[in-house]
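Residue numbers (the working numbering): 4 to 252.
From the three backbone atoms N, C-alpha and C, an ideal C-beta is built for every residue, glycine too.
Since we're looking at a predicted model, the values are computed, not measured.
Here it is, written out as structure tokens:
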């Protein structure tokens with residue numbers, strides 16, 4: 004019933020906004036995603052459909068029926084440890100990912116921090132010091148969380164491989180049994196983990212701040228960086244401030 008209700012909501016949004024293109028996103032109607040993307044993509048009717056799976060399925064479904072409506076429908080989902088190859092496969096269906104792991108990491112982009120600090124009348128040296136501190140704390144966070152992050156990436160990669168095997172077109176029981184039995188041979192957990200760990204270690208070694216934002220999927224990152232010190236440690240106040248700047252003419 005919940006899925007049907009959301010499907011009807013999306014349909015109404017497309018019909019009622021038939022003269023306006025539609026952007027489907029994750030989250031709820033009062034989420035950060037909804038607030039932020041509504042300000043960035045003002046030319047779109049932004050509709051929240053909760054999960055990334057529904058963003059993907061709804062976007063694909065409506066674009067297959069493009070002759071039945073008169074608007075463009077695209078979707079945005081969090082990167083969430085998706086590989087570049089996965090994202091490339093989603094793009095032709097009108098589904099895109101930002102160049103950060105999750106929406107909160109957008110508030111840690113250097114350009115955003117610089118604009119906020121400048122609007123608060125911080126001088127050039129103060130802004131430079133702040134950016135350097137956020138940079139250092141972000142890489143420090145990744146270093147502290149590297150084993151957890153490597154495991155999460157490994158689990159995602161293994162799940163993706165299992166899904167590939169199980170989603171094969173199978174018509175006979177013996178074929179299904181063979182597919183299931185082949186999973187242990189098709190998934191090398193140890194080598195996958197080592198590869199991911201090595202890639203994360205390289206980001207830390209090279210101090211690549213933007214790549215760190217691309218891989219760290221953890222709600223604790225934003226407060227850890229110290230950027231919230233601009234607003235006495237309040238994440239909500241910081242995010243609201245960025246939203247106000249975006250809504251300014």
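Which residues DSSP lists as bridging residue i, in chain order
i	result
residue 30	53
residue 165	Answer is none; residue 165 lacks a bridge partner.
residue 144	Answer by DSSP bridge pairing: none, since residue 144 is not bridged.
residue 24	47
residue 78	27 and 98
Residue i to residue j span [Cα, whole Å]
i	j	result
residue 126	residue 204	34 Å
residue 107	residue 154	21 Å
residue 236	residue 222	14 Å
residue 103	residue 181	38 Å
residue 99	residue 112	18 Å
residue 216	residue 141	8 Å
residue 39	residue 246	7 Å
residue 183	residue 160	17 Å
residue 37	residue 134	27 Å
residue 177	residue 144	48 Å
residue 175	residue 56	28 Å
residue 240	residue 251	16 Å
residue 213	residue 28	23 Å
residue 244	residue 34	15 Å
residue 210	residue 45	35 Å
residue 23	residue 54	23 Å
residue 220	residue 234	23 Å
Distance between beta carbons of residue j and residue i, contact taken as under 8 Å
i	j	result
residue 146	residue 207	5 Å
residue 52	residue 41	Not really, about 14 Å apart at Cβ, beyond 8 Å.
residue 76	residue 25	5 Å
residue 84	residue 156	5 Å
residue 164	residue 189	6 Å
residue 82	residue 101	7 Å
Cβ-based burial, residue i [other Cβ within 10 Å; buried from 16]
i	result
residue 124	exposed
residue 186	exposed
residue 162	exposed
residue 43	exposed
residue 179	exposed
residue 64	exposed
residue 151	exposed
residue 167	exposed
residue 62	buried
residue 224	buried
residue 105	buried
Any non-hydrogen atom of the ligand PLP closer than 7 Å to residue i Cβ
i	result
residue 108	This structure lacks the ligand PLP; in fact it carries no ligand of any kind.
State whether the region 112-120 contacts the region 224-244, with contact taken as three or more CB pairs (one from each stretch) at a distance under 8 Å.
-> yes
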